[in-house]
Amino acid sequence: MSLITAIRETFLGFKSLLVGLRITAREASRPIITVQYPRETLKMPARFRGHIKLVLDPETGKPRCTACTLCAKACPSGCIVLDGVKREGDKKKSVSKYELDFTTCSLCGSCVEICPSDAIEFSKEYNVVSLNRDTFENMDLYAKIEAEARAWSAAHPAPPAASPPPAAAPANPTAPASQPLNAPAG
Amino acid sequence: MIATRETVSAAPAAQGPQETFVLNLGPQHPAAHGVLRVLMTMEGEWIQRAEPVIGYIHRMHEKMGENRTWAKFLPNTSRIDYLSAMHYTHAFVGAVERAMKIEVPLRAEYARVITSELNRISSHMVWWGALLLDLGGFTPILYAFDDREKILDLLEGLCGARLTYCYYRFGGLYNDVDDEFLRGTRDFVQHLRPRLKMYRDLVTDNVILRKRLTNIGPIDAEMCRRYGATGPVIRGAGVPYDVRRMEPYSVYPRLDFKVPMYPECDSMARYLVRMDEMEQSLRIIEQALDQIPTGPFLAPKVPRVLRLPAGDYSYAVEAARGRFMVRIVSDGKEIPYRVRLRAPSFSNLSLYEEASRGMILPDALAMMGSLDLVIPDIDR
Amino acid sequence: MNPTLDQLIAQFTELIGPEAFAAAAAPAVPPSPPAATAVGTTGASPAAGGGVPVAAAKPAPAPAAPPPPLQATQHALKGYDLDARVAPNQVVDAARLLDRAGFAIDAVTGVDWLAQEEMEIVYDYFHPSQSLRMVVRTRVPRAAPELPSISGVFPGANWHERETHDFFGIRFAGHPNLKPFLLPEDANFHPLRKDYTP
Amino acid sequence: MTFLSLEPIRVLLYLVGICAFVGANAAYLVLAERKGAGRIQRRPGPNEAGWAGWMQPLADGLKLLAKQIMVPPGTDSLLFRLAPLLVMAPPLMCLVTIPFGENVVARDLNLGLLLVFSFGSINVMALMLGGWASRNKYAIISAARVVSQNVAYEIPMLLVVITLLMMTGTMSLQEITAQQAGGFWHWNLFKLWVNPLMPVTFVIFFTCMLAETNRAPFDMAEAESELVAGAFTEYGGMGFGVFFMAEYANIVVGCCLATVLFLGGWQSPIGILSSGAWGLLWFFLKTYALILTVIWIRWTFPRTQFYSLLNLSWKILIPLSLATLLLTGAMMKLPLLWRALS
Chain A
820 MSLITAIRET
830 FLGFKSLLVG
840 LRITAREASR
850 PIITVQYPRE
860 TLKMPARFRG
870 HIKLVLDPET
880 GKPRCTACTL
890 CAKACPSGCI
900 VLDGVKREGD
910 KKKSVSKYEL
920 DFTTCSLCGS
930 CVEICPSDAI
940 EFSKEYNVVS
950 LNRDTFENMD
960 LYAKIEAEAR
970 AWSAAHPAPP
980 AASPPPAAAP
990 ANPTAPASQP
1000 LNAPAG
Chain B
107 MIATRETVSA
117 APAAQGPQET
127 FVLNLGPQHP
137 AAHGVLRVLM
147 TMEGEWIQRA
157 EPVIGYIHRM
167 HEKMGENRTW
177 AKFLPNTSRI
187 DYLSAMHYTH
197 AFVGAVERAM
207 KIEVPLRAEY
217 ARVITSELNR
227 ISSHMVWWGA
237 LLLDLGGFTP
247 ILYAFDDREK
257 ILDLLEGLCG
267 ARLTYCYYRF
277 GGLYNDVDDE
287 FLRGTRDFVQ
297 HLRPRLKMYR
307 DLVTDNVILR
317 KRLTNIGPID
327 AEMCRRYGAT
337 GPVIRGAGVP
347 YDVRRMEPYS
357 VYPRLDFKVP
367 MYPECDSMAR
377 YLVRMDEMEQ
387 SLRIIEQALD
397 QIPTGPFLAP
407 KVPRVLRLPA
417 GDYSYAVEAA
427 RGRFMVRIVS
437 DGKEIPYRVR
447 LRAPSFSNLS
457 LYEEASRGMI
467 LPDALAMMGS
477 LDLVIPDIDR
Chain C
67 MNPTLDQLIA
77 QFTELIGPEA
87 FAAAAAPAVP
97 PSPPAATAVG
107 TTGASPAAGG
117 GVPVAAAKPA
127 PAPAAPPPPL
137 QATQHALKGY
147 DLDARVAPNQ
157 VVDAARLLDR
167 AGFAIDAVTG
177 VDWLAQEEME
187 IVYDYFHPSQ
197 SLRMVVRTRV
207 PRAAPELPSI
217 SGVFPGANWH
227 ERETHDFFGI
237 RFAGHPNLKP
247 FLLPEDANFH
257 PLRKDYTP
Chain D
24 MTFLSLEPIR
34 VLLYLVGICA
44 FVGANAAYLV
54 LAERKGAGRI
64 QRRPGPNEAG
74 WAGWMQPLAD
84 GLKLLAKQIM
94 VPPGTDSLLF
104 RLAPLLVMAP
114 PLMCLVTIPF
124 GENVVARDLN
134 LGLLLVFSFG
144 SINVMALMLG
154 GWASRNKYAI
164 ISAARVVSQN
174 VAYEIPMLLV
184 VITLLMMTGT
194 MSLQEITAQQ
204 AGGFWHWNLF
214 KLWVNPLMPV
224 TFVIFFTCML
234 AETNRAPFDM
244 AEAESELVAG
254 AFTEYGGMGF
264 GVFFMAEYAN
274 IVVGCCLATV
284 LFLGGWQSPI
294 GILSSGAWGL
304 LWFFLKTYAL
314 ILTVIWIRWT
324 FPRTQFYSLL
334 NLSWKILIPL
344 SLATLLLTGA
354 MMKLPLLWRA
364 LS
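Protein chains in written order, with my numbering: chain A, 820 to 1005; chain B, 107 to 486; chain C, 67 to 264; chain D, 24 to 365.
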């Protein structure tokens, strides 16, 4: 390496350092981009996959779930435990217990995909915290839907017509295009 | 003078017998990016032998594959190399589709290409920042994460997850690509180009970085071949090996892109390959966005319970770190008989012992950074 | 360094022996497509073919029972181009042959065929500069799974063989460092064996 | 007032003043560093403790104080405990002779510069002892690095200072400052008619200062991605805290020295308003500008490689500083030669 190239390289190297300094100075003059989490939060997109939750039929105020256990069978980690009873007056079974072991759930969405009655969806909750491990090991989704159902019935006072609407499979206006195609039944 | 293997290993030998000591690097070490342990036999700061010790986060994904149906194994594929989850899912889905002879709709294929390439860029950004952390530069990783965040937002809006996407399904996708995603991706491409120039000015052209990487950690084509190293490692050794070109899959044959290749065999070559790959990925994404057709995003008539015809099938993709191959063996039942996951980082790290011999410690760590290791990918 | 498929077939025919030679002499005389398909389907074993129409390189009348040791397959269907079944003591020769041909080691792995009382060891190779994938497989008895190591030819096989030893308990004779790798140091079990119960 | 009555007050003032100055600087430079890093990385930095994070140093200090100082088994426990003290003493000593203002100097020695450099070298020893006493492989590697790094960078630094000394003709820092009175064009940095390479000299000095204080991009001693924490790997609690403070104290000393030697010390850049509190203002303005530059550099560049660090010193900085030395000598002596000949 001749002296000229040595000097030239030293000079160019020094210049590259100045360019770097200029860039960081420029960035430093720009506003901050981080979200100050506990004070600011982000809105989750519509397709966000939080933990699953049961869906209330907006017309009847009852969970859509018919306790067919397809979701439990489709779950790769077997983290769904559910049970159903045939209540009086109903043609189908309805859910009576729905527990999710959130510690092993991988949020893959197989259960949501396979559900024939669109009774499960992802919640948008992402900051679920607890001091108790049990909260996540046995997430009682049925209790939540019960609470929702009570709220529903509080908002919709006793129906004028005593007879409930025909309990046909509810038409789903929001049915996603992706019906379960791949998830295995068992 | 650059400390190459020749110059460095010659130096201590001239002074007669030296005392060596064993440096236990890891499993918790700032440069190991996870739980990688390297047992280094050192002479001063020179490495005589560096033996990677792995398996600290071994999860036995291959056994899990033998215990569940094909569809139930799908979420696992996102978790092997969590930084390029799309590619891994693609390989597994592709293997099953190959076995079942499922024709994937064109829209799904294009969406797979777009998401895969976005994932590649985001993966390279993590690598870029982490390499700079290894080299003692703290700021670039935050710039890279700023841009990566935009990719993650896009993908989250598309499939609901930020890292372990599990977006592909046998025969298509989990859900359709929406216009918002396509528009956002187009904007992102426009956004990233000037940012890549900024990366170049701030880091690539920086004299300190050049000195840290040029002529450091020579890995030549022959070594890559004997160890099966792929991805940017082999492309940095002057071999334009890219699964997207060598074993074309998806709609890559319809897209025009260059396979970046640098013949210098050093860490800088591997660095430049990845930087160029980001630009090429942008090109691919732009073309795919232009060409993506309307239509179904899932193949019709994919049976719910998959029973693959007996036999073995393999499917390889170009993941962010190199060739990822899934070899599945089916005995006709509904659960796999054997799932073999060939991880690129595994092969890329296996040459470390040979390549790092006689290097000086910081250079060896710079070389490790240039290999772009993801430890869960190695351990699986 | 860039061998054609035909050259590889010829070399492997030489390695495996005359019965394979009969099987693989085909490419010299292009077979008629229906014959190839027919042979492919009949000549597929549950392990290696599996009812997929394989464009076998063998037009000669094939006995249904033993599948041809050397099969040219369609990449689009199987993911590889050539499938060779060799004897356990031939894996090193096969590795040398492929090393000379410029192949790179892709992966080494095992498959436990519990019903047949056999362990299959599969060597995957890819070629860095052309679109050619090669699978070499061999079987060892399950009772004494041992075969020579190819880590002397491909050092990259070292780790793959260690892993296979971990998972299947297959011993690779001549391997420099066959100690537990991904499993804990004191592991005395082989989780990918089909009769393994945790 | 007699000498006897004044001296104890002076000593007391110095001790209290310097300790407070160093302590406050160390604490708040950490905050400045973290805030600066935050700005550059486009995040707010520490902002929870107190208003905009102003209580952060206090919180950090309390946390460090509350921690147990572990002495790992097998270490040389005396040296292990001594090293943090040794590392703090030199910067305290160096500040004795730094003139902060027209009258604000603890003791204006006529060999002040020599004192600064001799005590500055002790710093190396402290780091080395700390590393060696830790009985940790990373620490020992770091100790070895520190020594060769400091040796390599003392040379160009001293050569540059000799160049300056040829111009000033004195080692008293107060006098050097006084010589630069009357506007920034009188500062040593801009005395291009004596030596046109003066800015280069300043860059050399600044680079060497970074290397001597083990600051990025020359932080070989710490190098956390290679050596975990280098010489401080085994230190915890306030032991580590003192090392940390010493680093900032050293930076303060280095930047003060650079200000005095090149930027006119407490002299105002416009030639007036240099006396009294104005002097202090100018001095700290310049010093903190330099310190901020040091922080800015740290958050911009990756770390250099060890041998390129040595190469930079031996192959670039030393020849360059020798060249400036020769040039300065020639420029100073040529008029005399010319006069003698004519």
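Note that CB positions come from ideal geometry on N, CA and C, so glycine has one too. Just so we're clear, the structure is a prediction, and the values are computed from it rather than from any experiment.
Is F255 of chain C close to chain B? Criterion is C-beta to C-beta, closer than 7 Å. False, the Cβ-Cβ gap to chain B never drops below 7 Å.
Specify, as a first and last residue, the run of the beta strand (DSSP E) that E965 of chain A falls within. Going by DSSP, E965 of chain A is part of no beta strand (DSSP E) but of the alpha helix (DSSP H) stretching over 960-974.
Note down, in chain order, every chain B residue with its Cβ under 8 Å from the Cβ of I852 of chain A. Going along chain B in sequence order, the residues near I852 of chain A (Cβ under 8 Å) are D252.
Looking only at its chain, what residues have a beta carbon closer than 8 Å to the beta carbon of V309 of chain B, apart from the 5 residues adjacent to it on each side? Counting only Cβ-Cβ distances below 8 Å, and skipping sequence neighbours, we find W234, L238, G243, P246, L315.
Those residues which DSSP pairs with M221 of chain D across a bridge: Note: M221 of chain D sits in no beta bridge, so no partner.
Residues that L239 of chain B contacts on chain D, provided the C-beta gap is smaller than 7 Å: Under the 7 Å cutoff, chain D gives S248.
Continuous alpha helix (DSSP H) stretch holding I274 of chain D: start and end: 260-285 is the span of the alpha helix (DSSP H), which, as asked, contains I274 of chain D.
In this structure, does DSSP put N1001 of chain A in helix, strand or coil? With a pLDDT of only 43 at N1001 of chain A, under the threshold of 50, the placement of this residue in the model should not be trusted; the figure read from the coordinates follows. Three-state DSSP puts N1001 of chain A in coil, outside helix and strand.
Which one of C:K144, C:A138, C:A160, C:L81 has the shortest CA to CA distance from F220 of chain C? When only C-alpha atoms are compared, the closest one is C:A160.
Given this structure, state the Cα-to-Cα distance separating L38 of chain D from R849 of chain A, to the nearest angstrom. Rounded to whole angstroms, L38 of chain D to R849 of chain A spans 42 Å at the Cα level.
Taking the C-alpha atoms as reference points, what is the distance between P196 of chain B and Q140 of chain C? The amino acid occupying residue 196 of chain B in the given sequence is His; Pro does not appear at that position. Those two C-alpha atoms are separated by around 20 Å.
Using a Cβ-Cβ cut-off of less than 9 Å, list which residues of the region 830-844 of chain A approach chain E; keep chain order. Reference to chain E is not applicable here, since the protein chains of this structure are A, B, C and D.
Counting only the same chain and skipping the five closest in sequence on each side, list residues whose C-beta sits under 7 Å from that of L248 of chain C. So the qualifying residues of the chain are E229, D232.
Ranges of the alpha helix (DSSP H) found wholly within the region 885-928 of chain A, counting only runs of at least 4: Counting only runs of 4+ residues, the alpha helix (DSSP H) found wholly inside the region 885-928 of chain A occupies 889-893, in chain order.
W210 of chain D vs G277 of chain D beta-carbon contact at 7 Å: Not a contact, by the Cβ cut-off of 7 Å.
According to DSSP, is D83 of chain D helix, strand or coil? Helix.
From the DSSP output, in three-state form, read off P264 of chain C for me. The answer is coil: DSSP assigns P264 of chain C none of H, G, I, E or B.
Listed by chain order, chain B residues near W322 of chain D by CB distance under 9 Å: Taking the beta carbon of W322 of chain D as reference, the chain B residues within 9 Å of it are G243, F244, T245, listed in sequence order.
For the alpha helix (DSSP H) containing G235 of chain B, name the first residue and the last one. That run of the alpha helix (DSSP H) goes 212-240.
I need the boundaries of the beta strand (DSSP E) containing L180 of chain C, first residue and last residue. Bounds of any beta strand (DSSP E) do not take in L180 of chain C, whose DSSP letter is neither H nor E.
Go ahead and label V128 of chain B buried or exposed: buried means 16 or more other beta carbons lie within 10 angstroms of its beta carbon, across all protein chains shown. Exposure of V128 of chain B is indicated by the presence of fewer than 16 other C-beta atoms within 10 angstroms of its C-beta.
Spell out whether any CB of chain D is found under 7 Å from the CB atom of K256 of chain B. Not flagged as an interface residue toward chain D: K256 of chain B, since no C-beta distance is shorter than 7 Å.
State buried or exposed for K439 of chain B, treating a residue as buried only when at least 16 other CB atoms are found within 10 Å of its CB. If you draw a 10 Å sphere on the C-beta of K439 of chain B, you find fewer than 16 other C-beta atoms in it, and that means exposed.
Buried or exposed: which applies to L201 of chain C, given that a residue is buried once 16 or more other Cβ atoms fall within 10 Å of its Cβ? Residue identity differs from the one stated: residue 201 of chain C is Val in this sequence, not Leu. Label assigned to V201 of chain C: buried.
Nonlocal neighbours in the same chain, by C-beta distance under 7 Å from S949 of chain A, ignoring five residues either side: So the list reads F955, once near-sequence residues are dropped.
Hey, which unbroken runs of the beta strand (DSSP E) at 3 residues or more fall wholly within the region 163-231 of chain D? Restricted to the region 163-231 of chain D, not a single beta strand (DSSP E) segment is unbroken, complete and at least 3 residues in length.
Enumerate in chain order the residues of its own chain whose CB-to-CB distance from D242 of chain D is below 7 Å, with the five nearest sequence positions on each side excluded. Listed in chain order, the non-local C-beta contacts of D242 of chain D below 7 Å within the same chain comprise R326, local neighbours out to five positions each way being set aside.
State yes or no: is the C-beta of H280 of chain C within less than 7 Å of the C-beta of A173 of chain C? The structure shown does not extend to residue 280 of chain C, since chain C is modelled only from 67 to 264, so the question has no answer here.
For W322 of chain D, name the three-state secondary structure that DSSP assigns. In this structure, W322 of chain D counts as coil in the three-state DSSP scheme.
Own chain partners of S298 of chain D with C-beta closer than 8 Å, once the 5 adjacent residues on each side are dropped: Around S298 of chain D: E125.
Using a Cβ distance threshold of 8 Å, determine whether the region 137-155 of chain D contacts the region 209-227 of chain D, with at least three qualifying pairs required. Too few Cβ pairs lie closer than 8 Å, so no.
R268 of chain B to S942 of chain A span [Cα, whole Å]: Within the model, the alpha-carbon separation for R268 of chain B versus S942 of chain A is close to 16 Å.
Assign D293 of chain B to buried or exposed, taking buried as 16 or more other Cβ atoms, counted over all protein chains shown, within 10 Å of its Cβ. When all chains shown are included, D293 of chain B counts as exposed.
Which chain C residues are close to F276 of chain B, counting only those with a beta carbon under 9 Å from its beta carbon? Residues of chain C passing the Cβ test: none, with the nearest at roughly 16 Å.
Once you ignore the five residues that flank A106 of chain D on each side, which residues in its own chain have a CB closer than 7 Å to its CB? These residues qualify, in order along the chain: A149, L152, G153, A156.
From what residue to what residue does the beta strand (DSSP E) around G428 of chain B run? In the DSSP annotation of this structure, the continuous segment of the beta strand (DSSP E) that includes G428 of chain B starts and ends at 428-436.
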